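Below is one structure, written out as structure tokens; comments come after it.
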Amino acid sequence: MNVNAPKAQFRPNSKLALVDCDIHPRLRAPEDLKPYLSSRWWDTWQTYGLRKRHGFVKGHPYPKSQPGDGARRDAWPTNGDPPGSSLQLMQEQHLDYHGVDVGIMNPLWPGSGDQNLDLSAALASAHNDWQLDFWHAKEPRLRPSIVVPYENIEASVAEIHKRAANKAFCQVFLLSRTNEALGRRKYWPIYEAAVEHNLPIGIHVFGYSGIPISNSGWPSFYIEEMAEHGTACSALISSMIMEGLFERFPTLKVVMIEAGFGWVPSLGWRLDKHWQKMKDEVPHLKRPPSEYLKQNVYVTTQPIEEPEKPEYLVDLIDWIGWDRVMFASDYAHWDFDDPVFAVPTNWSEERRRKLRFENAMGVFRL
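Our numbering puts the first residue of the sequence shown at 1007, with every later residue one more than the last.
Listed below in structure tokens is the structure:
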């Protein structure tokens, strides 16, 4: 398992801006959140911990060989803090080195899907304050996401309304493995609040739903877990389309993060095929499912597809739309994508502009 990010042999003097849609900041220690939690919630968190809805008591989506939650080995600060917790190292390794103009922060483990709904709300709000104070205030290129306790709908809506006036926040952040499929009407108030403030919904893979990532049981291997993200996201997006979410909120933008995008065309083809024969089951859909997919759903590049023939990658994006794909690095994870390789320099400048920054500028409040 190669967990050191490959260094580019050259750094092209690109004049094109770069927006990174997936950077993972980490707490140095739980005490980083203590200033933002009441004594009640701090004591609850430290005494009883989180109660994740998961099939295995000690189940974890990352291999034990990577104690930094799947991080690059060279991303560990010299003082032993977790990867992704050092602003200085993040600047040196990524923001400055790759010329990142805007980096969107996606905190992965804020407790937002915890079974204790009130603790979940407190931790989500604390993470939002922490993103502002510890990261954005010191490095304005880093933009926070509105972390919401997505199983606590009322608190999620309140958190969106609380944060939306601060234009530093650029999306509402969810994880993909929720208690119910994300198209279910239970979650619609979250989408309504996002639309009200012209905020996209960013959905990052992983999470704790108590449901296997596959529809055939719990995987035995980490490789399986990684490969199943595409099929899991297919089910998630199918739910959103078939439940009529995009008919109800036609301007809603959904960004799928860290799922790649090779699964998108086959999903569109399959949904259209079945819809043609069974559209009477979903009369609320006024158009073929693939049209909602192409209009309302955006994808990020990481982990970039690597077909044996480079033209296959171009064919994929041709179907999805060059205005629907955005660069993401996944810093500081072991399978980090370098923009030099994820957005090839032999593509036309128009295509590179779209993937590097133009699409993100239109989706997020940048």
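Note that CB positions come from ideal geometry on N, CA and C, so glycine has one too.
Please read all numbers here as calculations on a predicted model, not as lab measurements.
Taking all protein chains in view, the Cβ of Phe1227 is surrounded by fewer than 16 other Cβ atoms within 10 Å, so the residue is classified as exposed.
Counting the other CB atoms within 10 Å of its CB gives His1167 a total below 16, which places it among the exposed residues. Residue state for Ala1077 is assigned as strand, using DSSP reduced to three classes. DSSP, read as helix, strand or coil, puts Ser1272 in helix. Leu1114 is the residue among Asn1122, Pro1271 and Leu1114 whose C-alpha sits nearest the C-alpha of Asn1134.
Using a 10 angstroms sphere on the CB of Tyr1054, the tally of other CB atoms stays under 16, which defines it as exposed. Listed in chain order, the alpha helix (DSSP H) elements of length 4 or more contained wholly in the segment 1185-1264 are 1194-1202, 1228-1233, 1235-1248 and 1251-1254.
Across the structure, Ser1245 and Trp1051 are spaced so that their CA atoms are roughly 33 Å apart.
Inclusion of Ile1196 and Val1261 in the CB contact set at 8 Å is not warranted, their separation being larger than that value. With a threshold of 16 other beta carbon atoms within 10 Å, Glu1287 falls short and is exposed. Residue pairing from DSSP places Gly1109 in a beta bridge opposite Asp1026 and Leu1148. Across the structure, Lys1192 and Lys1058 are spaced so that their CA atoms are roughly 20 Å apart.
A direct Cα-to-Cα measurement between Ser1272 and Ala1035 gives close to 42 Å. Burial is judged here by how many other beta carbons sit within 10 angstroms of a residue's own beta carbon; Trp1047 has at least 16 and is buried.
Setting aside the 5 residues that flank it on each side, Leu1043 is surrounded in the same chain by Trp1051, Ala1128, Leu1129 and Ala1132, each with a C-beta closer than 8 Å to its C-beta; the list follows chain order. Every alpha helix (DSSP H) stretch that sits fully inside the segment 1278-1327 and reaches 4 residues is listed by chain position as 1295-1302 and 1316-1326.
By the Cβ criterion, the segment 1026-1035 is in contact with the segment 1330-1343, since at least three pairs of Cβ atoms, one from each stretch, lie closer than 8 Å.
If the five residues before and after Val1106 are omitted, its C-beta is found closer than 6 Å to the C-beta atoms of Leu1024 and Asp1026, all from its own chain and listed in chain order. Partner residues in the beta bridge of Val1153, as assigned by DSSP, are Phe1179. In this structure, Tyr1298 is the residue among Gln1121, Tyr1298, Leu1181 and Arg1169 with its C-alpha nearest to the C-alpha of Arg1254. The continuous alpha helix (DSSP H) containing Gln1052 extends over residues Ser1045 to Tyr1054. Here the alpha carbon of Val1346 sits roughly 47 Å from the alpha carbon of Ser1045.
A direct Cα-Cα distance of roughly 11 Å separates Gln1097 from Ser1091. Straight across, the Cα-Cα distance linking Pro1031 with Phe1342 is about 14 Å. Out of Ala1170, Gly1213, Asp1324 and Glu1165, the CA that lies nearest to the CA of Asp1124 is found in Glu1165.
Counting C-beta pairs closer than 8 Å gives three or more between the segment 1142-1151 and the segment 1166-1184, which meets the contact rule. Taking C-alpha positions only, Asp1324 is separated from Trp1275 by approximately 14 Å.
Annotation: Thr1257 to Lys1292 spans about 15 Å, alpha carbon to alpha carbon. Judged by DSSP in its simplified three-state form, His1339 adopts strand.
Cβ neighbours of Asn1172 within its own chain (closer than 8 Å, five residues either side excluded): Leu1138. The three-state reading of DSSP puts Arg1330 in coil, since its state is none of H, G, I, E or B. In the DSSP assignment, Asp1124 falls within the alpha helix (DSSP H) that extends over Leu1123 to Trp1136.
Cβ-Cβ distances below 6 Å link Ala1338 to Ala1077, Arg1078, Ala1081, Pro1089 and Gly1090 in the same chain, with the five nearest sequence neighbours on each side left out; the list follows chain order. Exclusion of the five residues before and after Val1305 leaves Met1262, Phe1267 and Val1331 as the residues of its chain whose Cβ lies within less than 6 Å of its Cβ.
Counting only the Cα atoms, Pro1350 lies some 23 Å from Gly1236.
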